[in-house]
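*Asks:* One structure, as structure tokens, below. Some questions next.
Residue numbers (our numbering): 29 to 552.
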């Protein structure tokens, strides 16, 4: 019997899912006009830059997995930026810092998202960038009605937006965040998109936009230079994978935290989860302890692989998973710190008629990134550099042209050598936890896609601190406390999932979209 809630969306030809209906509709129109999954994903991403400005933008980063049906190959793209050439531990200490600043210009790394679009479209796209940016330009120019969830998030960060004049002038209306149903225009961002439509992505890294970014950095006493922008390129990378039950799960390698999800899956594979009641005390205890062990490894190995040697073969081996699994006992064991980080992130997945599949994620890191909007461009700069360490012995230590730890992680699952599930879960350190729980819901408990997306979640923070969604009953909470888990009250942020499943029996597409966000899954 189907659980209460939304039905899974089912379509025969194409499907797109993301966190805002206007972005979904824009991507769907590209698909209807003959564009492919990559074209639709870039179109939807651009619209999200307008309608979810706290989550994503041109000043952020991008990662993607792309299944190219014609060549039958899976491609991975790392379009995350690196630290400026002048960013050294010595320079930060000279300026009085003992820890990395969490916002402001010194938390900024080179934006990678525009180069990510460029790399995707040059390799797989069928439509010019100018055509793909038209919906975003229209919404930025004519305005869009702010949804309730977006408005709530916007209001939470009013004070952050007030700290910088350019930001306040662009993202506040009479000094406050827009309220639900209020029409919001961003003509500055529209003009920036128009420049990109006319001159291409090089305008961002070498042209007029680049010059404004550098001037803003100099004004704020930052370190970004024109050379930092001009020299930046996205990187095609080989995805990581592990087997779980009868499927293969693919994530991107470090500097993303996709490895954590794979480690956790390897650990819990040794337990008979299918025989346990879903979200029972025993079930939750094992998943929480499993993700803790995975985070413990991730703290040291999720770093720029150009600066650290990662023993990937050993980490992903089933033998290593057995060692880690053996550390899980009947009582909770503290791990940490990871913290209560909430990210500003947007995820998109698309499947087209030719069964090309895109799993794409973009982020400003924390909501509204560094808080700095560049001149009159409407571009918010990310604060991903906040995850560097100023301890020179730490794997995440700051170095010039080094990529920081990244929380954002797109995923795909294969059956019989073909894509079966494309999905992502936004939410900072919630992301690998969301991947683990969603996959166990589907694979171990046989849930339908929408049911699996909606199912109540836990969120591990640090030590033994865990938050549970309110649907998990009080008796379960008390029993977990007796096992040593410290059950805390969270602010309600348990991530947001979007997913598409390709039914192998009849080739029907199934879409799931998280009610914790504003989005939906649509197709035809």
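All residues carry an ideal CB built from backbone N, CA and C; glycine is no exception.
(1) Does the beta-carbon of residue 546 have 16 or more other beta-carbons within 10 angstroms, so that it is buried, or is it exposed?
(2) The beta strand (DSSP E) spanning residue 270 covers which residue range?
(3) Touch check for the region 415-430 and the region 209-220: three-plus C-beta pairs under 8 Å?
(4) Around the C-beta of residue 526, are 16 or more other C-beta atoms found within 10 angstroms, so that it is buried, or is it exposed?
(5) Figure out for me which residue from 91, 166, 331 and 508 has the closest Cα to the Cα of residue 432.
(6) Would residue 7 and residue 528 be called neighbours here (beta carbons separated by less than 7 Å)?
(7) Using a Cβ-Cβ cut-off of 8 Å (strictly less than) and excluding sequence neighbours within five positions of residue 165, which residues of its own chain qualify?
(8) Are the Cβ atoms of residue 396 and residue 188 separated by less than 7 Å?
(9) Report yes or no: do the region 329-346 and the region 495-510 share at least 3 C-beta pairs separated by less than 8 Å?
(10) Are the CB atoms of residue 336 and residue 423 within a distance shorter than 7 Å?
(11) Can you tell me which of the three DSSP states residue 47 falls into?
(12) Excluding the 5 residues flanking residue 29 on each side, which residues of the same chain have their C-beta closer than 6 Å to its C-beta?
(13) Would you decide whether residue 320 is buried or exposed? Buried here means 16 or more other CB atoms lie within 10 Å of its CB.
(14) Could you tell me the boundaries of the beta strand (DSSP E) in which residue 463 lies?
(15) Is the distance from the Cβ of residue 594 to the Cβ of residue 41 below 7 Å?
(16) So, helix, strand or coil for residue 29, using DSSP?
(17) Leaving out the 5 sequence neighbours to the left and right, which residues in its chain are closer than 6 Å to residue 46 when beta-carbon positions are compared?
(18) Below 8 Å, how does it come out for the region 132-148 and the region 249-260: are there three or more Cβ pairs, yes or no?
(19) I want to check one thing, is the minimum distance from the CB of residue 335 to the heavy atoms of the ligand SAM below 6 Å?
(20) What residues in its chain sit with their C-beta under 6 Å from that of residue 410, if we drop five residues either side in the sequence?
(21) Looking at the secondary structure, which residues open and close the beta strand (DSSP E) in which residue 526 lies?
(22) Short of 6 Å in beta carbon distance, which residues of its chain neighbour residue 471, apart from the five on each side in sequence? Order them along the chain.
(23) With DSSP collapsed to three states, give me the class of residue 535.
(24) Helix, strand or coil for residue 350, going by three-state DSSP, please let me know.
(25) Secondary structure at residue 169, three-state DSSP: helix, strand or coil?
(26) Are the Cβ atoms of residue 102 and residue 379 separated by less than 7 Å?
(27) Return the CA-CA distance between residue 478 and residue 48, expressed in angstroms with no decimal places.
(28) For the beta strand (DSSP E) holding residue 391, just list the boundary residues, first then last.
(29) Assign residue 387 to buried or exposed, taking buried as 16 or more other Cβ atoms, counted over all protein chains shown, within 10 Å of its Cβ.
(30) By how many angstroms is the C-alpha of residue 81 removed from the C-alpha of residue 182?
(31) Quick check: the region 481-488 against the region 340-353, are at least 3 beta-carbon pairs closer than 8 Å?
(32) Would residue 428 and residue 113 be called neighbours here (beta carbons separated by less than 7 Å)?
(33) Does the pairing of the region 399-410 with the region 448-466 give three or more beta-carbon distances under 8 Å?
(34) Please classify residue 75: does DSSP put it in a helix, a strand, or coil?
(35) What would DSSP say about residue 407, mapped onto helix, strand or coil?
*Replies:* Checking against the coordinates, here is how it stands:
(1) Numbered from 1 along the chain shown, position 518 holds the residue referred to as residue 546. It counts as buried.
(2) Here residue 270 is taken as the residue at index 242 of the chain shown, counted from 1. Annotation: the continuous beta strand (DSSP E) that includes residue 270 extends over 268-272.
(3) They do not touch, by the three-pair rule.
(4) Locating residue 526 in the chain shown gives position 498, counting from the first residue. Flag for residue 526 reads buried.
(5) Working through the chain shown from its first residue, we reach residue 432 at position 404. It is 331.
(6) With the chain running from 29 to 552 in the structure shown, residue 7 is simply not present.
(7) As a first step, residue 165 must be located in the chain shown, where it is residue number 137. Closer than 8 Å at the Cβ level, and outside the excluded window around residue 165, lie 218, 221, 222 and 225.
(8) Along the chain shown, read from residue 1 onward, the residue named residue 396 stands at position 368. Along the chain shown, read from residue 1 onward, the residue named residue 188 stands at position 160. A Cβ-Cβ contact shorter than 7 Å links residue 396 with residue 188.
(9) Contact fails between the region 329-346 and the region 495-510, because fewer than three Cβ pairs, one in each stretch, are under 8 Å apart.
(10) In the chain shown, residue 423 corresponds to position 395, counting from 1. In the chain shown, residue 336 corresponds to position 308, counting from 1. Yes, the pair counts as a contact, with Cβ atoms nearer than the cut-off.
(11) What you label residue 47 is simply residue 19 of the chain shown in a count that begins at 1. Collapsing the DSSP output to three states places residue 47 in coil.
(12) To locate residue 29, count along the chain shown from 1; it is residue 1. Here residue 29 scores only 44 on pLDDT, less than 50, and its place in the model should not be relied on; the value that follows carries that caveat. Scanning its chain for C-beta atoms nearer than 6 Å, with the 5 sequence neighbours on each side dropped, one finds no residue around residue 29.
(13) Against the chain shown, residue 320 aligns to sequence position 292. By the 10 Å Cβ count, residue 320 comes out buried.
(14) Indexing the chain shown from 1 puts residue 463 at position 435. Unbroken run through residue 463 is the alpha helix (DSSP H), 458-467; no beta strand (DSSP E).
(15) With the chain covering 29 to 552 only, the question about residue 594 has no answer from this structure.
(16) The count along the chain shown starts at 1 and reaches residue 29 at position 1. Unreliable placement is indicated for residue 29, whose pLDDT of 44 sits below 50; no coordinate value is reported for it.
(17) The residue you call residue 46 lines up with position 18 of the chain shown. So the list reads 52, 72, 376, 526 and 547, once near-sequence residues are dropped.
(18) Yes: at least three Cβ pairs fall under 8 Å.
(19) The ligand content of the structure shown is nil, which means the ligand SAM is not present either.
(20) Stepping through the chain shown from its first residue, residue 410 is reached at position 382. Closer than 6 Å at the Cβ level, and outside the excluded window around residue 410, lie 87, 88, 392, 393 and 397.
(21) In the chain shown, the residue the question calls residue 526 occupies position 498. Element bounds for residue 526: 524-530.
(22) Counting from 1 along the chain shown, the entry for residue 471 is found at position 443. Around residue 471, the same chain offers 273 as residues with beta carbons nearer than 6 Å, after the five sequence neighbours per side are excluded.
(23) If you number the chain shown from 1, residue 535 lands on position 507. If DSSP states are grouped into helix, strand and coil, residue 535 belongs with coil.
(24) Here the question's residue 350 lines up with position 322 in the chain shown. It is helical.
(25) Residue 169 sits at position 141 when you count from the first residue of the chain shown. DSSP places residue 169 in helix when its eight states are reduced to three.
(26) Residue 102 sits at position 74 when you count from the first residue of the chain shown. Residue 379 sits at position 351 when you count from the first residue of the chain shown. Taking the C-beta atoms as reference points, residue 379 is found no nearer than 7 Å to residue 102.
(27) Within the chain shown, numbered from 1, the residue matching residue 478 stands at position 450. Within the chain shown, numbered from 1, the residue matching residue 48 stands at position 20. When the Cα atoms are used, residue 478 and residue 48 turn out to be separated by approximately 17 Å.
(28) Counted from its first residue, the chain shown places residue 391 at position 363. Element bounds for residue 391: 385-393.
(29) On the chain shown, position 359 is the one that residue 387 refers to. By the 10 Å Cβ count, residue 387 comes out buried.
(30) Here residue 182 refers to the residue found at position 154 of the chain shown. Here residue 81 refers to the residue found at position 53 of the chain shown. Straight-line Cα distance between these residues: approximately 9 Å.
(31) Pairwise C-beta distances place the region 340-353 out of contact with the region 481-488, as fewer than three of them are shorter than 8 Å.
(32) Locating residue 428 in the chain shown gives position 400, counting from the first residue. Locating residue 113 in the chain shown gives position 85, counting from the first residue. Yes, Cβ-Cβ distance for residue 428 and residue 113 is below 7 Å.
(33) Touching, no, given that fewer than three Cβ pairs across the two stretches are closer than 8 Å.
(34) Taking the first residue of the chain shown as position 1, residue 75 is located at position 47. DSSP places residue 75 in helix when its eight states are reduced to three.
(35) As a position in the chain shown, residue 407 is number 379, starting the count at 1. In the structure shown, residue 407 adopts coil according to DSSP, grouped into three states.
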